[in-house]
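Once you know that position 154 of the sequence shown is 175 in the numbering used here, the rest is easy, because the numbers rise by one and skip nothing. Have a look at the structure below before the remarks.
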Amino acid sequence: MDLILWRHAEAHDADAGQDDMERALTPKGQKQARRMADWLTSQLPDSTRILVSPALRTLQTVEPLKRKFKIVHELAPGADPEDVLMAANWPNGREPVLVVGHQPTLGQVAALLLSGHPQDWQIKKANAWWLVQREALDPYSLYLKGVMAPDLIVK
Numbered sequence: 022m023d024l025i026l027w028r029h030a031e032a033h034d035a036d037a038g039q040d041d042m043e044r045a046l047t048p049k050g051q052k053q054a055r056r057m058a059d060w061l062t063s064q065l066p067d068s069t070r071i072l073v074s075p076a077l078r079t080l081q082t083v084e085p086l087k088r089k090f091k092i093v094h095e096l097a098p099g100a101d102p103e104d105v106l107m108a109a110n111w112p113n114g115r116e117p118v119l120v121v122g123h124q125p126t127l128g129q130v131a132a133l134l135l136s137g138h139p140q141d142w143q144i145k146k147a148n149a150w151w152l153v154q155r156e157a158l159d160p161y162s163l164y165l166k167g168v169m170a171p172d173l174i175v176k
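What follows is the structure, given as structure tokens:
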């Protein structure tokens with residue numbers, strides 16, 4: 022199974038009294054999202070399931086991908102890494118899954134899968150980490166296929 026973890030692009034800081042869920046992307050974040058969406062479009066199989074946090078910044082991040090996606094409330098800021106894995110049906114899913122979410126959760130998911138221990142790994146804004154587990158019941162078949170950052174994508 023392929024699991025792609027895509028952290029939302031750069032967002033504005035919350036204004037006084039503004040709900041964290043309503044934070045929008047900055048102009049730089051919009052550019053980051055477009056660049057990553059272009060790259061992901063060229064890489065993702067058509068069968069990829071896309072799961073997105075309900076936060077405005079994640080919805081704006083996935084929008085340039087121009088694919089159907091499912092809003093999953095269990096992916097909201099502060100989500101538990103185990104909830105992310107359950108929502109993705111890891112490692113038993115048949116199709117690739119793209120999760121668009123937040124730190125520190127996505128870094129915790131990557132750390133848990135790759136090291137076997139809960140740790141706070143950093144996934145930078147708008148970056149995507151692509152993990153693959155060839156055999157569902159064999160954690161030793163897991164590997165990191167790649168990490169991509171929007172500033173590495175050449176147009």
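Just so it is clear, CB atoms sit at the ideal spot from N, CA and C, and this is done for glycine as well. From a predicted model like this one, the values you see are computed outputs, not experimental measurements.
| Item | Value |
| --- | --- |
| Over what stretch of residues does the alpha helix (DSSP H) that includes Lys52 continue unbroken? | 48–64 |
| According to DSSP, Asp23 sits in a beta bridge with which residue or residues? | Val153 |
| Output the distance between the C-alpha atoms of Ala131 and Gly114, rounded to the nearest integer angstrom. | 17 Å |
| With Arg70 as the anchor, note down where its beta strand (DSSP E) starts and where it stops. | 70–73 |
| Kindly indicate which three-state DSSP category Leu158 falls into: helix, strand or coil? | coil |
| For Gln81, which residues in the same chain have their Cβ closer than 6 Å to its Cβ, ignoring the five residues on either side in sequence? | Leu46 |
| Assuming Val83 is part of the alpha helix (DSSP H), what are its boundary residues? | 77–83 |
| Are the beta-carbon atoms of Val83 and Val73 separated by less than 8 Å? | yes |
| So for Val105, helix, strand or coil by DSSP? | helix |
| Taking the alpha-carbon positions, what's the Pro112 to Leu106 distance? | 8 Å |
| Could you say which of Ala100, Val120, Asp101, Gly99 lies nearest to Ala109 if we only look at CA atoms? | Val120 |
| How about Asp59 and Ile174: do their beta carbons lie closer than 8 Å? | yes |
| Please work out which residues of its chain come closer than 8 Å, Cβ to Cβ, to Asp141, disregarding the five sequence neighbours upstream and downstream, and give them in chain order. | Pro125, Gly128, Gln129, Ala132 |
| Within 10 Å of its beta-carbon, does Gly137 have 16 or more other beta-carbons around it, so buried, or fewer, so exposed? | exposed |
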